[in-house]
Each structure stands twice: as C-alpha cells, then as structure tokens.
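Participant: Dropping a structure here in structure tokens format, bear with me for questions.
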Amino acid sequence: MTPKRLAAVLLLLALCAIGVVPLFAQDSNVDVYGRALPADAAPYEMQVWTAICDSTRTETALSSVVSVYQRICGDTNLFDLFSDPLVNLDENLNLIPGAAESWSVSEDGLTWTFTLREGMVWSDGTPVTANDYLASYRFMVDPANAYDFVWMWQGIIAGWSEAVAGEISPEEIGMAALDDRTLAVTTEGPAPYLPGTLYFWPPLQAAALEEHGPNYLLNPETAVSSGPFKVSEFVPGERLVLTANETYNGFRPPYLREMRGIYGDQLNGSFLAFQN
Numbered sequence: 386m387t388p389k390r391l392a393a394v395l396l397l398l399a400l401c402a403i404g405v406v407p408l409f410a411q412d413s414n415v416d417v418y419g420r421a422l423p424a425d426a427a428p429y430e431m432q433v434w435t436a437i438c439d440s441t442r443t444e445t446a447l448s449s450v451v452s453v454y455q456r457i458c459g460d461t462n463l464f465d466l467f468s469d470p471l472v473n474l475d476e477n478l479n480l481i482p483g484a485a486e487s488w489s490v491s492e493d494g495l496t497w498t499f500t501l502r503e504g505m506v507w508s509d510g511t512p513v514t515a516n517d518y519l520a521s522y523r524f525m526v527d528p529a530n531a532y533d534f535v536w537m538w539q540g541i542i543a544g545w546s547e548a549v550a551g552e553i554s555p556e557e558i559g560m561a562a563l564d565d566r567t568l569a570v571t572t573e574g575p576a577p578y579l580p581g582t583l584y585f586w587p588p589l590q591a592a593a594l595e596e597h598g599p600n601y602l603l604n605p606e607t608a609v610s611s612g613p614f615k616v617s618e619f620v621p622g623e624r625l626v627l628t629a630n631e632t633y634n635g636f637r638p639p640y641l642r643e644m645r646g647i648y649g650d651q652l653n654g655s656f657l658a659f660q661n
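Written as structure tokens, this is what we have:
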C-alpha cells in the first residue's frame with residue numbers, strides 16, 4: 386500500500402471513530418443514479434463537499450436571476466445549481482449546447498431562435514419549457530424588481546432599455562416563447578455575441594416564481610430544481626444543504642451526494658465545517 390493510500394485509509398478510520406462518517410453503508414459503491422463508482426472511490430455516503438459561508442455577509446438569493454451581488458454563500462459554488470442556462474462553455478471557452486440543443490439566427494442577424502433539449506424536467510415532475518426562460522428574463526427587466534445586473538442586455542435585446550425605464554412593459558421586450566421548446570430573442574441590431582451573454586443565467590421555474598415569489602429556493606418546501614442539485618435544508622446564518630437531484634439529465638451531472646455551506650468565520654470555519 387502506497388503512503389498516500391495508507392494516509393487516506395487512516396483518515397477514514399479516524400473519521401469513523403469520531404462518528405463523522407459511517408464505516409459501512411448499503412449500496413455504497415453506486416451513486417444516486419445507480420452508476421458504479423470507481424474502485425478507489427470513497428463510499429457514496431462520503432461524497433460530500435463542504436464550503437465555508439462568510440457569516441458576516443447577508444446574501445439573500447440562490448439564483449443569479451434574483452441577484453448577482455447578493456447570492457448566498459457567494460464566495461462558493463453553491464448557487465445557480467437548480468437549472469441550466471441555455472448555453473454552456475467547453476474547456477476552451479467556446480459556446481456549446483446547454484439547455485438549448487441548438488440555436489440559429491435570421492439572415493438579418495436580428496432574431497435568434499433557441500431550441501430546448503427534450504426531456505428536461507423539474508423535480509416536481511413538470512417539464513422545463515421556454516416559458517421558464519421567458520418569465521425569468523421578464524422578471525429581471527421589470528424595474529419593480531430593481532435587478533442588480535439589469536444593464537447586461539441594455540442596447541442588445543429589443544425593448545430592454547425601454548422596459549428598464551418603465552416606458553414599456555416587460556411583456557413587450559423582444560423575447561417570446563414560440564412553443565414549449567422554442568425561445569425567440571430579437572435584438573436591437575445584429576449581435577453575434579448574444580448567445581454568450583446568456584451563459585450565466587439559469588432560469589427560475591415560471592410556476593414557482595408566480596406562486597411563491599423569486600426566493601422560492603430558500604424554502605425546501607417550495608424549492609424545485611431542474612439542475613444537478615436541489616435544496617434540502619437552509620437555515621439562514623447556519624447552514625445550506627444541497628443534495629443530488631435524481632431527476633436531472635443535463636450536461637453537468639452531480640457526482641457528489643451532497644454539497645454543504647456552513648456559516649462561520651474565515652479563520653476557524655474550515656475546521657468547524659469539516660467536523661459538521
């Protein structure tokens with residue numbers, strides 16, 4: 386046994402001895418999707434990633450659609466894990482399909498058409514539709530919501546600047562759900578960079594947004610997800626717990642069983658988070 390392997394075994398035994406992790410677990414060699422883990426992987430029950438959330442900060446959102454500057458545990462990767470953006474980036478930062486399997490632009494360069502992948506579902510069993518994306522962008526452009534990144538599409542999406550100024554309604558901007566799987570975006574002028582501006586904004590669910598408001602993700606009872614993780618627990622100022630979403634079938638599968646954000650100070654937080 387190599388020194389590195391021996392050290393890993395000794396650490397595991399030590400953790401088991403103090404009750405941090407179980408020594409044995411049923412079906413510990415497969416993940417939430419039934420995929421076999423590598424032979425040298427830790428048991429699935431131990432596949433947990435813990436981050437420190439700064440207890441001196443008071444963020445209020447888990448989605449960039451609600452706020453970019455006030456994302457909970459904003460120094461970690463615990464936000465925007467509850468749906469997929471239309472586009473993705475490869476290792477060379479080239480645009481590749483995300484929630485949209487394809488997109489095209491009209492000959493005049495003004496109208497973009499995005500076609501969603503089939504089979505995407507929210508954790509409540511309802512399908513992901515173009516209306517979810519449309520509702521999210523309409524929420525962001527609505528001046529009543531004072532969105533902190535609303536400038537992003539000013540001068541790009543048709544009518545966006547006018548809607549921000551309150552001159553037209555959010556429903557009048559250049560976006561439309563043509564059917565459940567097709568979203569059309571009209572720009573002020575040719576904007577070949579438009580798809581790239583859509584990368585950072587996974588949508589909210591339109592139904593949950595309407596029924597529970599923009600922060601439905603903060604309550605596990607109302608939280609729904611079509612992304613790799615779902616909200617299992619949130620105690621403000623104490624902890625945020627995300628678990629793998631077993632209904633997810635997108636481009637970033639959750640290889641971890643759980644992700645945790647533990648609030649604490651930056652000096653002592655790492656050790657405390659590991660203990661908990």
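So the sequence shown is numbered by this note's numbering: it starts at 386 and just counts up by one.
Beta carbons are placed, not taken as given, at the ideal position from N, Cα and C, and that holds for glycine.
Keep in mind the model is a prediction, meaning the values are calculated, not measured.
Runs of 4 residues minimum, wholly inside the stretch 542-573: which ones carry the alpha helix (DSSP H) assignment?
Facilitator: Within the stretch 542-573, the complete alpha helix (DSSP H) runs of at least 4 residues are 545-549.
Participant: Excluding five sequence neighbours on each side, which residues of the same chain lie with their C-beta closer than 6 Å to the C-beta of Tyr584?
Facilitator: Excluding sequence neighbours, Tyr584 sits near Pro470, Val472.
Participant: Would you mind reading off the limits of the beta strand (DSSP E) that contains Tyr648?
Facilitator: Start and end: 643-649.
Participant: Rounded to the nearest angstrom, how far is the Cβ of Ala520 from that of Leu594, given a contact under 8 Å?
Facilitator: Indeed they touch by this definition, with Cβ atoms about 6 Å apart.
Participant: Taking the straight line between their C-alpha atoms, what separation do you get for Leu491 and Ala543?
Facilitator: Checking the displayed sequence, the identity of residue 491 turns out to be Ser instead of Leu. Distance between the alpha carbons of Ser491 and Ala543: 15 Å.
Participant: How about Trp507 and Ser610: do their beta carbons lie closer than 8 Å?
Facilitator: Yes. Within cutoff.
Participant: Express the C-alpha separation of Val549 and Gly404 in angstroms, rounding to a whole number.
Facilitator: For Gly404, the predicted model reports a pLDDT of 38, less than 50, meaning its position is unreliable and no value from the coordinates is stated.
Participant: Kindly indicate which three-state DSSP category Glu596 falls into: helix, strand or coil?
Facilitator: Looking at Glu596 - three-state DSSP - the assignment turns out to be helix.
Participant: Tell me which same chain residues have a C-beta within less than 6 Å of the C-beta of Glu335, skipping the five on either side of it?
Facilitator: Nothing in the structure corresponds to residue 335, since the chain is present only between 386 and 661.
Participant: For Ala421 and Leu589, I'd like the C-alpha separation in whole angstroms.
Facilitator: Cα to Cα, the separation comes out at about 32 Å.
Participant: What separation, rounded to the nearest whole angstrom, lies between the Cα atoms of Gly551 and Ala531?
Facilitator: Those two C-alpha atoms are separated by around 12 Å.
Participant: From the DSSP output, which residues share a beta bridge with Leu474?
Facilitator: DSSP, once it has assigned bridges, lists Leu480 as partnering Leu474.
Participant: Out of curiosity, what's the CA-to-CA distance linking Thr572 and Ser546?
Facilitator: Those two C-alpha atoms are separated by around 11 Å.
Participant: Between which two residues does the beta strand (DSSP E) holding Arg624 run?
Facilitator: Per DSSP, Arg624 belongs to the beta strand (DSSP E) from 624-629.
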